[in-house]
Amino acid sequence: MASVAALLLVAGFWSSWGTAQHVLLAKGREHGTLTVAGCGADTCTGPYDPEGSAAPRTGMTIEKSIAVKKGAKLPVVVKPGTAEVVRTDTAGALHAWLPLGGALLLAALVIGGGLRLTRTAWATALAGGALLMGAFFAL
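Take a look at the structure:
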């Protein structure tokens, strides 16, 4: 049961890290502002205005679930080598860690039910729930 709980947590961290690394390790990456112009089924697009002297670009995309509404200006960082951006504010950071929050909740069930470590399970569940609720209210 311990290995199942560990596997859940590692998988949650790994799933989150793909996006979270751009938010947490944003130093040296291209920062700017994305103005949401329109949304499709999964992504929203809009013009990107970088900080500094770089030229503005069009057609940059962001996940629809994190784009607030048409016309919103979001602080973002560009994923290197792509036309995809990630939100860099608190809401973006919490959204990036959502898979870990879900993994914490699932691992809490395994820890409490399988390992009979109720206090650890409650702490794990509270951490996962706080992360999910924080992302919900921040977005």
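Numbering-wise, the sequence shown is residues -20 to -1, 1 to 119 according to mature numbering (1 follows the signal peptide of the UniProt record, and there is no 0). Cβ coordinates follow ideal geometry from the N, Cα and C atoms, glycine included.
Shown here, ILE46 sits in coil according to DSSP, grouped into three states, outside any helix or strand. Only exposed fits SER33, as fewer than 16 other CB atoms lie within 10 angstroms of its CB. By the criterion of at least three beta-carbon pairs nearer than 8 Å, the stretch -20 to -10 is not in contact with the stretch 56 to 75. In chain order, PRO55 place their CB closer than 6 Å to the CB of ASP69, counting only its own chain and leaving out the 5 sequence neighbours on each side. Annotated three-state conformation of ARG9 is coil, per DSSP. Beta bridge pairing from DSSP links ARG37 with TYR28. A Cβ-Cβ contact shorter than 9 Å links ALA52 with VAL16. Between THR41 and the set SER(-5), ASP29, LEU95 and VAL65, the nearest pair of CA atoms involves VAL65. TRP(-7) and LYS7 have their C-alpha atoms some 21 Å from each other.
Residue nearest to MET(-20) within the set ALA87, HIS11, ALA118 and GLY12 is ALA87 (criterion: CA-CA distance).
Nearest C-alpha to GLY82 among ARG37, LEU111, VAL48 and LEU95: LEU111. An exposed status is given to VAL48, since fewer than 16 other beta-carbon atoms sit within 10 Å of its beta-carbon.
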